[in-house]
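Visitor:
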Amino acid sequence: MIMKLRISSFFILISVFMNAQTPGYMGKHRMIGYTNNFSPALLMANAKSVDPPGINSSHCFNLDYVIKNRTSFCVSYQFMKTGMNFDNNIDIEDAATSYNLSYEPKSKLPMQLKSNNITLGFKFFKRGNFAPVGKYKKLDLMLMFSTVSYEQNAFTYHDYNSSTQVRRNYGKGEYNFSTFAIAYTLGRQRVFFNCLVLDYGVQFAATPAGLLGSVLGDNSYYVENGSELEAAIKHQKNVRLVGHQLVNIHLGLGFLAF
Amino acid sequence: MNIPGKCPGYFLINHLLMTLLKHKNMLLVLALSAGSCLAQAQTHSFEKNYVPITSSGSLPEEFIRTARSVSEEEIALLPYGATREASKQFIVSNNYFLRNLLLSGDVLINDPLSAYVNKVADELLKGDPALRKQIHIYVTRSADVNAYAFDKGFIFVNAGLLAQLENEAQLAYILSHEIIHVVKKHSVTEYIENVRLENGTGSYSRGTSEERTLAKYRFSKEQESEADMEGLNLIKKSAYSIKALNGAFDVMQYSYLPFELIDFNKSFFEDQYLTIPDTLLLKKVSAVKSNDDYDDTKSTHPNIRKRRGAIEPELKVEDESSRKKYIVSEAEFKNVRELSRFELCKFYMTERDYANAIYAAYILLQKYPDNLYLKKTVSKSLYNILANKTRKGYSKSTITIGDGQMQSEGSGVPDYSNIEGASQRLYYLLEYLEPQELNTIALSYTYKAHKQYPEDVTLADLTDSLFSEMINGNSLYLNDFSKKTKAEIKSMDTVKTVVVEEVQEESKYSKIKKEQLKTEVETEDNFIKYAFVGLLKDPEFVERYSKVAKGVLQKPLTSDDKTMLYYTSSKKNTGVPFLGIDKVVFLDPFYMRVMNDHGKLNVNFYESEDNQKILAEIQKKCADRLKLQYTEVSTKNMSTSDIEKYNDNALMNDWLGERFSHGDNNDELVTNSEYMKPLIEKLGTKYVAWSGIYHSKGKAHRNTYFFILLDLESGKLMKYETIYSRSKDNRDLISSQVYNSLMHVVKKPKK
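Right under this line is the structure:
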């Protein structure tokens, strides 16, 4: 919350103190907007089903401020929600431990991954255009505050060595994580009626933690207790975020305020 | 009756593109329908002064209608058939270009020139009143020796042609030639033929590109020959002299020469004290050696010899005695020709042909030695030649817009070796005068003219500018000029003077001074040292010169200059400075949309016209939002009573045309500026803005926006901006670009 306040304050300070020597659109430098980001879930779960394919959509509220002829400073708040697969399968030949832990909730819904993201970035408009009109490239730093929630008693433990199958209760039912991502957007903005802004484009984002964790990290987690489950969920969450943020198509509408 | 190598009386679309970009200062034509000519024949007095011709009366209907409305009306009447599509294209492009020409301001309305030309046409078509009704003849303000016809009866005769004619019969023949072009619909026929040729259809389905091009020229030449012959038949039906017509071909053949050939005498610039050395006088001028049998393979017109040869046998008529060189009036013809020659002085200056302007004024000053207009022509031209000589860095400056360029090239004095005939001496002199010498001559000439006409503001300003140039451009101070003549110095015992003033024994320095004095008196090289012996006796001359030397008369730095200095000296600021201007006059914007089909450009005329209106609206909207006072000189929505609006636009276009030819050179004088003062007062601002868009769509969209802001008083280029983008010319994009330009105009510079 403190972080959000600081970011908001920073944005307001920039707006107030920057001398508007840039044209903006007909003298308007500030834009408030809403965009919906559509992210295809081709291989992973979505919020309603573990079975792909599906589409996740997220809501994004933007504030843009034109700081140079072809540059806008952007702050946005994004709320996203998706589903997350969980399947912890440890099957090592000749090992003492060989089991499968699966998540089988009554609701049939996958683990719910919700994330509140704060984004800071800059839009760089193409030569010959003046912000906020025309084709742009956007570079963002995305701070992601995620929550994974699940049904505590929905885990089934299957021990291969003893061939036993037990229903188990694990963890707190909800875990919070934070991470960051770097996003690159190719988009275009058009202005209609001197105040409405149509914004569309495609975004590519990468969460370093997810990418590095899944490629370089140890993907085997022994889940015997709650804290081990948390680590496993964190890993899964990172992987899911990579999938979710990889490609986004957005369509939005903005209002040129003043 | 085009001169060799000129375009025929219509313009292909591709040609149009460049023409429109280059010719904001396009044409001047006088539109007079047969029965609506209100102008009366007037005999001008040229003795004291001359005021350039302007339009008067009511605007003819064709000036008011949009190209689109005319085109749609004509297309609706087109018959269906194989040529319908090409005819449609022709109508649209023809009307678009015609509209631009008519509204360029270069067309004179209800003035003595057009009145006279129309009277000749009346005489010529006396027996065919129906045809006469269809023909609209306009005189255009251009120095080119040319006349051309458009479809639907529009004939344009340049004032440059009128200035060269020998008699009325020649004008009648030229008109009859153009009338045949109209009657035979040569414009549209040639257009359709060219479309076939370019598409390789019909008889052009075979053959190489070179063969097709030659076929195109052949077709055009056939039309010209037909117009020559049929035109002769037309004139035979009238009472005009047939024998006089041969001279019409002389006019064309020698059209590159001045309207008269009079030996240039250097005494024109000399007085009792200012003597130009003979070394600057070309001993022998090149003979006039125009070749009338040039290769016309790639020309739209047959060469002059062929044309003359073709009609010569037909010139023999039995009843020549009953025929006349003048039917309307010899006095009126001569008056019109003289008016055209006076106009030429202005046209030449506008076109930066300063040597020609001086020579034209020189010829006319032989007849009217006290004419203020002619003296100002000489002074202004000398000043601009000097401005170019002094600042060689500006010898080439360019403003680029899309594919077009506004370019300033060279000093305005062509190489004398390319000149033939008597005017060559003047070219030689102007070429070889050093800047200091030219400055001295220009100052001497202008100051004397100023003394003769002390109330003329232009001459007073020019004198000050030339004083300033002496000090700041050429480092010539009062003490560089002798107060005594060479003869006086020679007669003095200089040795004695020096010795008495200095010491008993002759020093090294006195010896040097004595030697220098001796050399100076004996040589002709330093003729400028003695140029002001007479003028230095005039206290006003000395006082004004001294004031400039002390910096009193030098132009103080304006706030604009300071802003410019700030921006050029500041490393951080690379953008355009803010100008803090609160009122600007806007001209009709330029808009052209073209389709680029593998390098072949097709103008979308309708969209261009529509978008021009949109751009004007955007300008107004942005100006309002920025609280920039908006005023316009526009030809939009004119009515028949808007002749004042029309003249304002003509004046502005004349000025802009000349200014654009200077490129980004702010030092050259816009010679038309003196006519702008009343307009500046009327508009309440001295700043004029012109903007435009050139959009082409091929594989990609390419958009070029430009904005130019000029100071009408000083001719200074205040702001010049082009923005290129690979995007559609959407309204929001254009709005952003226009707003950005105007924001820089309005915002006050940082302290």
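Residue numbers (my numbering), protein chains in the order written: chain H, 1 to 258; chain C, 1001 to 1751.
No residue lacks a Cβ here, since even glycine has one placed at the ideal position from N, Cα and C.
1) Chain C beta carbons: is any one of them nearer than 8 Å to that of H/V191?
2) Do H/H29 and the ligand ATP come close, with the Cβ less than 7 Å from some heavy atom?
3) Which complete alpha helix (DSSP H) runs does the segment 1620 to 1702 of chain C hold, if anything under 4 residues is left out?
4) So what does H/Q260 bridge to, in DSSP terms?
5) Can you tell me whether H/L186 is buried or exposed, with buried defined as 16 or more other CB within 10 angstroms of its CB?
6) Whole angstroms is fine: what's the gap from C/E1455's alpha carbon to C/A1449's?
7) Can you grab the Cα-Cα spacing for the pair H/S98 / H/T71, in whole Å?
8) Cβ of C/S1286 within 8 Å of Cβ of C/E1431?
9) Starting from C/N1596 and walking both ways along the beta strand (DSSP E), at which residues does that stretch end?
10) Would you list the one or two residues that DSSP bridges to C/L1443?
11) Check each residue of the segment 123 to 150 of chain H: if its Cβ is closer than 9 Å to any Cβ of chain C, include it; give the result in chain order.
12) For a contact defined as C-beta to C-beta under 8 Å, what are the partners of H/F25 on chain C?
13) Quick check on DSSP: helix, strand or coil for C/V1745?
14) Grab me the residues of C/F1268's own chain with a C-beta within less than 7 Å of its C-beta, minus the 5 sequence neighbours each way, in chain order.
15) Report buried or exposed for C/K1221, applying the criterion of at least 16 other Cβ atoms within 10 angstroms of its Cβ.
16) Counting pairs of beta carbons, one from the segment 1156 to 1169 of chain C and one from the segment 1321 to 1339 of chain C, are three or more of them closer than 8 Å?
17) What separation, rounded to the nearest whole angstrom, lies between the Cα atoms of C/K1389 and C/V1139?
18) Determine the direct distance from the alpha carbon of C/M1470 to that of C/S1546, and round the result to whole angstroms.
19) Which word fits C/K1216, buried or exposed, when buried means at least 16 other C-beta atoms lie within 10 angstroms of its C-beta?
20) Count the other C-beta atoms from every protein chain shown that fall within 10 angstroms of the C-beta of C/R1132, then say buried if there are 16 or more, exposed otherwise.
21) Going along the chain, which residues of the segment 1612 to 1629 of chain C sit with their C-beta nearer than 9 Å to a C-beta in chain H?
22) Thinking H/S146 and H/K68 are a contact (beta carbons under 8 Å), I'd like their distance in whole angstroms, please.
23) In whole angstroms, what is the alpha-carbon distance linking C/Q1554 and H/G33?
24) Just the chain H side, please: which residues come within less than 8 Å of C/I1723 by C-beta, in chain order?
25) Pick from C/K1243, C/S1225 and C/I1304: whose alpha carbon is nearest that of C/V1251?
26) Spatial neighbours of C/H1744 within its chain, please: C-beta separation below 7 Å, excluding the five flanking residues on both sides.
27) Can you give, in chain order, each stretch of the alpha helix (DSSP H) that sits fully within the segment 1037 to 1110 of chain C and has at least 4 residues?
28) For the alpha helix (DSSP H) that contains C/Q1223, what are its first and last residues?
29) Going residue by residue through the segment 1124 to 1182 of chain C, where are the continuous beta strand (DSSP E) segments of at least 3 residues, counting only ones entirely within it?
30) Answer with yes or no whether the minimum CB distance from C/G1696 to chain H is below 8 Å.
31) Taking C/M1743 as the query, report the chain H residues whose CB atoms sit under 8 Å from its CB, ordered along the chain.
32) Does the beta carbon of C/S1423 sit closer than 8 Å to a beta carbon anywhere in chain H?
33) If the cut is a Cβ gap below 9 Å, which residues of chain H does C/S1691 touch?
34) Count the other CB atoms, across all protein chains shown, that sit within 10 Å of the CB of C/L1364; report buried if there are 16 or more and exposed otherwise.
35) Given that C/N1146 touches chain H, what residues does it touch there, using C-beta distances under 9 Å?
36) Comparing the C-beta of C/S1546 with each C-beta of chain H, is any distance below 8 Å?
Guide: According to the structure data:
1) Any Cβ of chain C closer than 8 Å to the Cβ of H/V191 would place that residue at the interface, and such an atom is present.
2) Absence of the ligand ATP from the depicted structure is noted, as is the absence of any ligand whatsoever, leaving it without description.
3) The qualifying runs are 1643 to 1661 and 1677 to 1683.
4) No statement about residue 260 of chain H is possible, as the shown extent of chain H runs from 1 to 258 and does not include it.
5) Counting C-beta atoms within 10 angstroms of its own C-beta, H/L186 has fewer than 16 neighbours from the protein chains shown and is therefore classed as exposed.
6) Computed Cα separation, rounded: 11 Å.
7) 56 Å
8) no
9) F1590 to D1597
10) Per DSSP, none; premise fails for C/L1443.
11) K126, R127, G128, N129, F130, A131, P132, V133, G134 and K135
12) At residue 25 of chain H the sequence reads Tyr, which differs from the Phe that was named. D1732, S1735, S1736 and Y1739, listed in chain order.
13) Helix at C/V1745.
14) Y1362
15) That one is buried.
16) yes
17) 35 Å
18) Computed Cα separation, rounded: 11 Å.
19) buried
20) Buried, since its Cβ has 16 or more Cβ neighbours within 10 Å.
21) K1621, C1622, R1625 and L1626
22) The Cβ separation is near 33 Å, so there is no contact.
23) Low confidence applies here, because C/Q1554 scores a pLDDT of 47, under 50, leaving its location unreliable and the question unanswered by this model.
24) G128
25) C/I1304
26) V1576, F1578, L1579 and K1719
27) 1067 to 1076 and 1084 to 1102
28) If you look at C/Q1223, you'll find it in the alpha helix (DSSP H) that goes S1209 to K1237.
29) 1136 to 1140, 1147 to 1149 and 1154 to 1158
30) Sequence inspection shows Ser at residue 1696 of chain C; the Gly mentioned does not correspond to that position. Chain H, which has no Cβ nearer than 8 Å to the Cβ of C/S1696, makes this no.
31) P23 and G27
32) no
33) Those do not exist, as C/S1691 stays about 15 Å from chain H at its closest Cβ, beyond 9 Å.
34) buried
35) None at all; the shortest Cβ gap to chain H is about 40 Å.
36) no
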